[in-house]
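Visitor:
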Amino acid sequence: MKIAIPNKGRLQQPVIQFLNSVGIKPLASDERALIVPTNWEGVQLVMVRTEDIPNIVEAGAAELGITGYDYVMESGVDVEELVDLDFGKAKIVLAVPNSWNISSPQDIKGEIRIATKYFNIAKNYLIQKGIKAKLVKISGAAEVMPSLGAADAIIDVMSTGTTLKLHGLKAIDTVMESKAVVIGNKDWMKGEEAERISLLLTLMKGALFARHKKMVFMNVPEEKLDKVLSVLPAMLSPTLSKLAKSEAWEVITVINEDDLPDIIGKVIANGARDIVVIDIEKVIK
1 MKIAIPNKGR LQQPVIQFLN SVGIKPLASD ERALIVPTNW EGVQLVMVRT EDIPNIVEAG
61 AAELGITGYD YVMESGVDVE ELVDLDFGKA KIVLAVPNSW NISSPQDIKG EIRIATKYFN
121 IAKNYLIQKG IKAKLVKISG AAEVMPSLGA ADAIIDVMST GTTLKLHGLK AIDTVMESKA
181 VVIGNKDWMK GEEAERISLL LTLMKGALFA RHKKMVFMNV PEEKLDKVLS VLPAMLSPTL
241 SKLAKSEAWE VITVINEDDL PDIIGKVIAN GARDIVVIDI EKVIK
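Sequential numbering of the sequence shown, starting at 1, is according to UniProt numbering.
1) Three-state secondary structure (DSSP) at Gly206?
2) Give the single residue among Ile255, Asn185, Lys213 and Gly76 whose Cα lies nearest to the Cα of residue 289.
3) In three-state terms, what does DSSP make of Glu257?
4) Buried or exposed for Ala62, going by 16 or more other Cβ atoms inside 10 Å?
5) How close, in whole Å, do the beta carbons of Ile183 and Thr38 come, if the pair is a contact with beta carbons under 8 angstroms?
6) In terms of DSSP beta bridges, what is Gln12 paired with?
7) In the UniProt domain "ATP phosphoribosyltransferase catalytic" (49-205), which residue ranges form an unbroken alpha helix (DSSP H) of at least 4 residues, counting only runs that do not cross its ends?
8) Distance check for Met189 and Leu11, CA to CA, integer angstroms please.
9) Give me the Cα-Cα distance between His167 and Glu74, rounded to the nearest whole angstrom.
10) Mind checking who Lys2 pairs with in its DSSP beta bridge?
11) Decide if Glu143 is buried, meaning its Cβ has at least 16 other Cβ atoms within 10 Å, or exposed.
12) On a CA-only basis, which of Glu257, Thr116, Val277 and Lys224 is nearest Ala153? Give me that one, please.
13) For residue 287, count neighbouring Cβ atoms within 10 angstroms of its own Cβ and tell me buried if that reaches 16, exposed if not.
14) Grouping DSSP H, G and I as helix and E and B as strand, with all else coil, what is Lys242?
15) When DSSP labels each residue in this structure, what does Glu22 get in the three-state scheme?
16) Would Ala207 pass as a contact of Ser21 if the rule is Cβ separation under 8 angstroms?
17) In this structure, does DSSP put Lys285 in helix, strand or coil?
18) Out of Asp52, Ala33, Glu51 and Thr50, which has the shortest C-alpha to C-alpha gap to Gln44?
19) In the DSSP assignment, find the beta strand (DSSP E) that holds Lys224 and state where it starts and stops.
20) Count the other CB atoms, across all protein chains shown, that sit within 10 Å of the CB of Ser198; report buried if there are 16 or more and exposed otherwise.
21) Counting along the chain, where does the beta strand (DSSP E) carrying Ile278 start and finish?
22) What separation, rounded to the nearest whole angstrom, lies between the Cα atoms of Ala151 and Val136?
23) Among the residues of its own chain, which have a CB less than 8 angstroms from the CB of Met145, if the five just before and after it don't count?
24) Do you know whose CA, among Lys186, Asn185, Ala141 and Arg113, lies nearest Leu164's CA?
25) Report the three-state DSSP secondary structure of Ala28 (helix, strand or coil).
26) Do Ile92 and Asp70 have their C-beta atoms within less than 8 angstroms of each other?
27) Which residue wins for smallest C-alpha separation from Ala122, given the options Ile108, Val175, Leu82 and Pro221?
28) Can you tell me whether Leu200 is buried or exposed? The criterion is at least 16 other CB atoms within 10 Å of its CB, across all chains shown.
What follows is the structure, given as structure tokens:
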């Protein structure tokens, strides 16, 4: 089984870290390698350009791929979007020079030149907005095109906006939002690897669900148990175990990391003690 992943760029390391959390680890680190074996027998990583991954998966050269949703939309391929990931979030924006006294696409008058590597996305956007523009297709950095005189504006990906500011540009509209996604060939369920792919997708979802969640253990005196349980969240309900040689209970539950300070404060106030908080690797639903 082959999984196509980025060979460089902003998604490469997050993708590798995510696969590590799932349990798939590359067994080679040669940057020149195109196909890398993993600790899963028979599972290989195909290291290719992020924008090529949708076409590679559609062609069946890899059963799965992890890439940006923007590249899936730009390529127009017929693939299945299997898992939405929680990293690689960015926006594709229409950006113009700061010197332009405009704040929205509706303020643009006349025909302009727009540099972009997202030719198809940009074309559809311009039609929807009724903007007259000539698209300048590029493959490299779009931000320098207005200062070089090669274009008047750009449609490009923006993460923080810092790069736009450095080049004297400002975003005036969001074309689309993107994040990393797991895609699969349309026929993956009919292939020989269907069972293993299904297991891998389950583990991916389990690793995602476990992110930003903590498992909490605590001891609670029996007379305080009802009060502690009344303020304690859980996926279904907390797990209770009677402690040996003590009139107390061990309580186990899962809590969102953001809620942890508030919940810990409440259970302590209600009589819980000996509280232990640990990371969760996966939660299989």
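Backbone N, C-alpha and C define an ideal beta-carbon position, used for all residues, glycine too.
Guide: Inspection of the coordinates gives the following:
1) Numbered from its first residue, the sequence shown carries residue 206 at position 206. Looking at Gly206 - three-state DSSP - the assignment turns out to be helix.
2) The question about residue 289 has no answer, for the chain in this structure spans 1 to 285.
3) Residue 257 sits at position 257 when you count from the first residue of the sequence shown. Helix, per DSSP.
4) For the purposes of this step, residue 62 is taken as residue 62 along the sequence shown, with counting starting at 1. Flag for Ala62 reads buried.
5) One-based indexing of the sequence shown puts residue 183 at position 183. One-based indexing of the sequence shown puts residue 38 at position 38. Rounded to whole angstroms, the Cβ separation of Ile183 and Thr38 is 19 angstroms, and the two are not in contact under 8 angstroms.
6) By 1-based counting over the sequence shown, the position of residue 12 is 12. The partner list for Gln12 (beta bridge, DSSP) is empty, contrary to what the question assumes.
7) Those alpha helix (DSSP H) runs which fall completely within the UniProt domain "ATP phosphoribosyltransferase catalytic" (49-205) and span 4+ residues are 53-58, 69-75, 119-129, 145-148 and 162-166.
8) Position 11 of the sequence shown holds residue 11. Position 189 of the sequence shown holds residue 189. Cα to Cα, Leu11 sits roughly 27 angstroms from Met189.
9) What you label residue 167 is simply residue 167 of the sequence shown in a count that begins at 1. What you label residue 74 is simply residue 74 of the sequence shown in a count that begins at 1. If you draw a straight line from the Cα of His167 to the Cα of Glu74, it is about 25 angstroms long.
10) Residue mapping note: residue 2 aligns to position 2 of the sequence shown, counting from 1. Its beta-bridge partners are Gln44.
11) Along the sequence shown, one-based indexing puts residue 143 at 143. By the 10 Å Cβ count, Glu143 comes out buried.
12) In the sequence shown, the residue the question calls residue 153 occupies position 153. Closest by alpha carbon: Thr116.
13) Beyond the ends of the chain as shown, which are 1 and 285, falls residue 287; an answer cannot be given.
14) As a working note, residue 242 is residue 242 in the sequence shown. Secondary structure at Lys242: strand, using DSSP grouped into helix, strand and coil.
15) Stepping through the sequence shown from its first residue, residue 22 is reached at position 22. First, the residue type needs correcting, since residue 22 is Val and not Glu in the sequence shown. Look at Val22 here: in three-state DSSP terms it is helix.
16) Translated into the one-based positions of the sequence shown, residue 207 becomes position 207. Translated into the one-based positions of the sequence shown, residue 21 becomes position 21. It is a contact, given that the beta carbons lie within the stated cut-off.
17) On the sequence shown, residue 285 is found 285 positions in, with the first residue counted as 1. Shown here, Lys285 sits in coil according to DSSP, grouped into three states, outside any helix or strand.
18) Sequence index remark: in the sequence shown, residue 44 carries index 44 (1-based). It is Ala33 whose Cα lies nearest to the Cα of Gln44.
19) On the sequence shown, residue 224 is found 224 positions in, with the first residue counted as 1. Secondary structure note for Lys224: it is in no beta strand (DSSP E), with a DSSP letter that is neither H nor E.
20) The count along the sequence shown starts at 1 and reaches residue 198 at position 198. With fewer than 16 other Cβ atoms from the protein chains shown falling within 10 Å of its own Cβ, Ser198 counts as exposed.
21) Here residue 278 is taken as the residue at index 278 of the sequence shown, counted from 1. Residues Arg273 to Asp279.
22) Position 151 of the sequence shown holds residue 151. Position 136 of the sequence shown holds residue 136. Answer to the nearest angstrom: the Cα atoms are 7 angstroms apart.
23) Residue numbering aside, residue 145 sits at position 145 when the sequence shown is read from its first letter. Apart from sequence neighbours up to five positions away, the residues of its chain that approach Met145 with a beta-carbon distance below 8 angstroms are Ala115, Val136, Ile138, Ala151 and Ile154, ordered along the chain.
24) One-based indexing of the sequence shown puts residue 164 at position 164. Checking every option, the nearest Cα to that of Leu164 belongs to Ala141.
25) The residue given as residue 28 occupies position 28 in the sequence shown. In this structure, Ala28 counts as coil in the three-state DSSP scheme.
26) Looking up residue 92 in the sequence shown gives position 92. Looking up residue 70 in the sequence shown gives position 70. Cβ atoms of Ile92 and Asp70: closer than 8 angstroms.
27) Here residue 122 is taken as the residue at index 122 of the sequence shown, counted from 1. The candidate whose alpha carbon is nearest that of Ala122 is Val175.
28) In the sequence shown, the residue the question calls residue 200 occupies position 200. Only buried fits Leu200, as 16 or more other CB atoms lie within 10 angstroms of its CB.
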